[in-house]
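**Q** FYI, the numbering for the sequence shown is -17 to -1, 1 to 236, going by mature numbering (1 follows the signal peptide of the UniProt record, and there is no 0). Just so you know, even glycine gets a beta-carbon here, dropped at the ideal spot from N, CA and C.
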Amino acid sequence: MRRLLLLATLCSPMALAQALIEVESHALLRLPATTDVLLVERLSIADNGTLMVPAGLTEIRVSELRLGRDARIAIAPSERPFRLHVGRGEIAPGAQISARGASGSRLKQSLPGRTLSIRLENVTTDALIVDARGSAGAPGYVGLDGADGKAGGCAWGQASRGHDGQNGGDGQTGTAGGRVRVEVPQAFPLERLQIRLDGGAGGPAGEGGSGGSGGASTGCWLYSADGAADGRPGQTGRAGAQGAAGDLDLVRF
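1) Measuring CA to CA, which of Ile28, Asp147, Gly96 is closest to Leu3?
2) From the DSSP output, in three-state form, read off Glu174 for me.
3) How big is the Cα-Cα spacing for Gly220 and Gln155?
4) So Thr108 is in the beta strand (DSSP E); what residue range does that whole segment cover?
5) My output table needs one value for Gln1: the three-state DSSP class, helix, strand or coil.
6) Would a C-beta distance cut-off of 9 Å place Val113 and Gly72 closer than the cut-off?
7) What's the gap between the Cα of Thr98 and the Cα of Thr158?
8) What does a CB cutoff of less than 6 Å around Ile101 pick up in its chain, not counting 5 residues either side in sequence?
9) Can you tell me which of the three DSSP states Ser196 falls into?
10) Rounded to whole angstroms, how far is the Cβ of Val167 from the Cβ of Leu103, which I believe are closer than 8 Å?
11) How many Å lie between Leu48 and Thr107 at the Cα?
12) Pair every Cβ in the segment 141 to 155 with every Cβ in the segment 192 to 200, then say whether three or more of these pairs are closer than 8 Å.
13) Rounded to a whole number of angstroms, what is the C-alpha to C-alpha distance between Thr41 and Val20?
14) In chain order, what residues of the same chain have a beta carbon less than 8 Å from the beta carbon of Leu180, not counting five sequence neighbours either side?
15) Give, in chain order, every unbroken run of the beta strand (DSSP E) that is at least 3 residues long and sits entirely within the segment 136 to 168.
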């Protein structure tokens, strides 16, 4: 019931600046996609809890942030940049801000790691992970099997060779890591930040199709025909290339 009340508060534009968001331990809370900018007075995510940020949300401003051990802010992939501004807070070991890319398919475009801008003003942490890695490329398509040959007739004709299988498609290139800008005070220990910007792995190669079976031999009373050769299997495609690494901009203020 309490969570429903919180969501109702978030849906009210007049109350956004005073909203309290709490995520319980091992729980998941998805923010509603009702605004581009969300103003939060206090955001608390308990140990192993996850806050899901929809793709349409482009900025969150938090006056006070509390992230428990292995807590996570998961930002949905999008081509639009995202900004997180934290006034003060405490971040436990293992906590992370995740904005990884999304794998695509032959019908859906893959997305790279999201472009992020994170400003931490008065924040203490032993280690904070920012994960904006790219996604894996889509796999290559599987080649079609070759059609079977026709058997020879008893009166005339000869068996036909099986058709060759189609070659498999190449895997797509993995998407790039995100572009991340982190703003921290002069005294902030940079070694406590772990920024992951690797490009995604290339998509696996598609398998070639099987060759069709050759036409069968026939043995008739007046006439016989030899069988035909099978078709060749298609070749396996090539694996996709690794995606490019993202960019990091560290700024002290």
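**A** Quick look at the numbers:
1) Closest by alpha carbon: Ile28.
2) DSSP, read as helix, strand or coil, puts Glu174 in helix.
3) Straight across, the Cα-Cα distance linking Gly220 with Gln155 is about 11 Å.
4) Per DSSP, Thr108 belongs to the beta strand (DSSP E) from 99 to 108.
5) Confidence is the limiting factor: at Gln1 the pLDDT is only 44, short of 50, which leaves the residue's position unreliable, though a coordinate-based value still follows. Taken through DSSP and simplified to helix, strand or coil, Gln1 comes out as helix.
6) Not closer than 9 Å, so no.
7) Their Cα atoms are separated by approximately 13 Å.
8) Excluding residues up to 5 positions away in sequence, Leu67, Val165 lie with their Cβ nearer than 6 Å to the Cβ of Ile101 in the same chain.
9) Reduced to three states, the DSSP call for Ser196 is coil.
10) Indeed they touch by this definition, with Cβ atoms about 5 Å apart.
11) Put simply, the backbone Cα of Leu48 is about 10 Å away from that of Thr107.
12) Taking a cut-off of 8 Å for Cβ pairs, the segment 141 to 155 and the segment 192 to 200 touch, as three or more such pairs fall below it.
13) About 6 Å.
14) Gly96, Ala115, Arg116, Gly160, Gly161, Val163, Ala228, Gly229, Asp230, Leu231.
15) Given a length threshold of 3 residues, each whole run of the beta strand (DSSP E) inside the segment 136 to 168 is given here in chain order: 162 to 167.
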